[in-house]
Structures are given as structure tokens and as C-alpha cells.
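Student:
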Amino acid sequence: MINISIPIVINFSGGKDSSAMLAYICENYPLNPKHVVWADTGWEHDGLDAWNKKLCRIWGLKLITVKPKRDFFTMALDRKMFASPSCRQCTSALKMSPIQKWIRNNLTGEVINAMGIRAEESKARALKSPYVIDSILSKKGRTVWNWLPIFDWSKKEVRDYLVGLGIPLHPVYDYLPRLSCQICIFSNRYNLWAIKKNNPMAIDRVAEVEDEIKFTMFPSGGIIRISRDDNCSLF
Ligand code: SF4
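Using our numbering, you'd call the opening residue of the sequence shown number 103 and step up by one each time.
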């Protein structure tokens with residue numbers, strides 16, 4: 103049980119898991135002060151800011167938007183390479199750091215830092231502890247607990263919970279399994295094929311940067327080639 107005086111920072115992306123987490127916290131911890139923080143990578147789907155604000159309004163909360171110094175493409179242009187699954191600089195620099203900075207600048211004392219991570223998502227995530235002290239942020243009069251309130255939920259439970267509350271899924275779920283950056287370093291060929299059909303300008307944007315830095319976002323080749331329909335049939 104969390105003391106009602108402890109503020110809860112809700113790491114929010116607008117995706118199904120963070121939407122379910124936001125709802126769960128608001129329903130079960132109505133009295134705790136809440137700060138909904140969204141890290142904008144600069145490579146978000148059009149209109150996501152308005153979408154996220156709308157979801158926060160359901161619970162009478164305001165969205166706090168934080169931005170990194172360098173966005174997704176500025177980082178790729180400066181480094182002359184994209185982030186990759188083995189070097190997830192995008193997650194640390196574009197998502198985690200700006201939220202950590204916001205916590206350092208705004209909160210002292212005990213703080214709960216809630217994230218919508220689920221064990222089912224990957225083996226690495228399953229190894230996480232759902233409630234653990236954050237040794238990086240817990241300094242100088244501040245103790246931060248990282249909390250994963252929906253850690254044990256299945257994908258079906260998340261979706262059923264949102265349906266039960268009448269909370270919509272972002273339209274991107276019509277063609278992709280996750281709401282991430284417009285094209286994520288974890289996108290597979292099937293995802294890229296679906297993006298090409300539904301958001302072709304995102305493919306063109308990555309292709310432009312690939313040409314400029316002479317480095318492809320995916321090791322299997324340039325994005326124009328690997329997003330072609332004929333490649334998708336290999337799945
Ligand atoms: S959504 Fe994908 S591309 Fe965007 S920051 Fe996260 S891991 Fe990187």
C-alpha cells in the first residue's frame with residue numbers, strides 16, 4: 103500500500119500499457135499527487151501530443167511533456183548512425199533521461215516512479231523487479247521507487263481493462279502491435295511493410311537520413327528495399 107502523501111510519476115507514452123497503467127493508478131490511488139510525464143522523442147506519430155492530453159483529461163490530469171536536447175534524427179545525424187537494439191541510445195537519451203531530469207528538478211522526499219512494463223513482453227523484462235529502489239535518482243534528499251504496477255498483466259488483460267473503462271486505443275494499433283516512434287529500431291519487416299502502406303512519409307524520412315549519413319537504420323539493408331511488399335511475403 104502506498105502512503106497517500108507520496109507523489110506518483112506516471113511514465114506515459116499514449117500506448118496501451120501506459121494507458122492501462124494510468125487508469126489503474128487513478129482508480130486505485132485516487133488521493134496521491136500524480137504527475138503524468140511524456141518524453142517526446144521528436145519522432146512521434148502526428149497528433150500524439152493531443153491524443154495524450156485527451157487521455158489525461160479523462161482522469162482530470164495535465165500532461166507534462168519533456169524533450170531531449172537532441173531528437174531522434176538529430177542524434178542519428180550527429181553520430182552518423184542510428185541507435186540499434188544492441189545500443190539503445192534512443193531509449194536512454196530520448197525517453198529515460200528527460201524523465202529522470204524532470205524528477206530531479208521537481209521532486210524531493212519519497213517518490214514513486216511508475217512504468218507500464220509487463221513481464222510478458224520479453225525475457226529481459228520478465229527478470230525485472232516490480233518494485234525496486236532507483237539508485238541513480240535516490241540522492242540528495244530524494245528516494246525514488248521504480249514501480250511496475252501492471253507487471254503481471256497479460257496483453258489480453260490490458261486490452262480488456264481498457265475496453266471495460268471505455269478508453270480507446272490509438273489508431274496506430276489498427277496496423278501495428280505497438281505505439282512507438284513512427285518507425286522503431288525494433289520494427290520487423292512486417293511492421294515496416296504495414297508502415298509503408300499506412301504512413302509512407304515515415305519511410306521516406308528515414309530513407310533521406312540513411313542517404314545523408316550513409317548508414318541504414320536496419321542491418322538487413324536500406325529501408326526502401328526492406329519495406330517492399332515482396333519482402334514481406336518472406337514472413
Ligand atoms: S520507440 Fe523505438 S526508436 Fe523510439 S526511442 Fe523507443 S526503442 Fe528507440
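Every residue, glycine too, gets a C-beta built ideally from N, C-alpha and C.
Among A125, D142, P132, which has the Cα closest to the Cα of I106?
Tutor: Counting from one through the sequence shown, the residue named residue 106 turns up at place 4. Of A125, D142, P132, the residue nearest in Cα terms is P132.
Student: For Y126, count neighbouring Cβ atoms within 10 angstroms of its own Cβ and tell me buried if that reaches 16, exposed if not.
Tutor: The residue you call residue 126 lines up with position 24 of the sequence shown. Under this definition Y126 is a buried residue.
Student: Quick check on L250: does DSSP put it in helix, strand or coil?
Tutor: Residue numbering aside, residue 250 sits at position 148 when the sequence shown is read from its first letter. Three-state DSSP puts L250 in coil, outside helix and strand.
Student: Is the Cβ-Cβ distance between A304 and I297 less than 8 Å?
Tutor: Position 202 of the sequence shown, counted from the start, is the residue given in the question as residue 304. Position 195 of the sequence shown, counted from the start, is the residue given in the question as residue 297. Yes, the Cβ-Cβ distance between A304 and I297 is below 8 Å.
Student: Classify F184: buried if its beta carbon has 16 or more other beta carbons within 10 angstroms, exposed otherwise.
Tutor: The count along the sequence shown starts at 1 and reaches residue 184 at position 82. With 16 or more other Cβ atoms within 10 Å, it is buried.
Student: What's the gap between the Cα of L281 and the Cα of V168?
Tutor: Residue mapping note: residue 281 aligns to position 179 of the sequence shown, counting from 1. Residue mapping note: residue 168 aligns to position 66 of the sequence shown, counting from 1. Rounded to the nearest angstrom, the two C-alpha atoms are 18 Å apart.
Student: Beta carbon of P195, beta carbon of M177: below 8 Å?
Tutor: Here residue 195 is taken as the residue at index 93 of the sequence shown, counted from 1. Here residue 177 is taken as the residue at index 75 of the sequence shown, counted from 1. At residue 195 the sequence reads Ala, which differs from the Pro that was named. Cβ distance < 8 Å, so A195 and M177 count as in contact.
Student: Would the segment 269-277 and the segment 230-249 be scored as touching if the rule is three or more Cβ pairs under 8 Å?
Tutor: Too few Cβ pairs lie closer than 8 Å, so no.
Student: L336 by DSSP, collapsed to three states: which one?
Tutor: The residue given as residue 336 occupies position 234 in the sequence shown. Residue placement at L336 is poorly supported in this model, since its pLDDT is 45, which falls under 50; the coordinates are not used for a value here.
Student: Which residue from N113, L264, N293, N134 puts its Cα closest to that of S329?
Tutor: In the sequence shown, counting from the first residue as 1, residue 329 sits at position 227. Of the candidates N113, L264, N293, N134, the one whose C-alpha sits nearest the C-alpha of S329 is N293.
Student: Leaving out five residues on either side along the sequence, give the residues of the same chain with a beta carbon under 8 Å from the beta carbon of L336.
Tutor: Position 234 of the sequence shown, counted from the first residue, corresponds to residue 336. Bear in mind that a pLDDT of 45 at L336, under 50, signals an unreliable position, so the model cannot answer this.
Student: Using DSSP bridges, identify the partner residues of N113.
Tutor: Here residue 113 is taken as the residue at index 11 of the sequence shown, counted from 1. V139.
Student: Label T210 either buried or exposed according to how many other C-beta atoms from any shown protein chain fall within 10 Å of its C-beta, with 16 as the threshold for buried.
Tutor: The residue you call residue 210 lines up with position 108 of the sequence shown. So T210 ends up on the exposed side.
Student: How many angstroms separate the CA atom of S237 from the CA atom of N154?
Tutor: As a position in the sequence shown, residue 237 is number 135, starting the count at 1. As a position in the sequence shown, residue 154 is number 52, starting the count at 1. Spanning the two alpha carbons is a distance of roughly 29 Å.
Student: Would the beta-carbon of I252 fall within 8 Å of that of M123?
Tutor: Within the sequence shown, the letter at position 150 stands for residue 252. Within the sequence shown, the letter at position 21 stands for residue 123. Against a cut-off of 8 Å, the Cβ pair of M123 and I252 comes out as a contact.
Student: Out of I110, L239, S115, P302, which has the shortest C-alpha to C-alpha gap to N130?
Tutor: Here the question's residue 130 lines up with position 28 in the sequence shown. The candidate whose alpha carbon is nearest that of N130 is I110.
Student: Tell me the start and end of each unbroken alpha helix (DSSP H) in the segment 251-297 that is at least 4 residues and wholly inside, in chain order.
Tutor: As far as the segment 251-297 is concerned, its whole alpha helix (DSSP H) runs of at least 4 residues are 257-267.
Student: Could you check whether R220 and D142 sit closer than 8 Å to each other, using their CB atoms as the reference points?
Tutor: Numbered from 1 along the sequence shown, position 40 holds the residue referred to as residue 142. Numbered from 1 along the sequence shown, position 118 holds the residue referred to as residue 220. Not a contact, by the Cβ cut-off of 8 Å.
Student: Out of I285, T193, P270, V139, state which residue places its alpha-carbon closest to the alpha-carbon of W204.
Tutor: Your numbering for residue 204 matches position 102 in the sequence shown. Per the Cα distances, V139.
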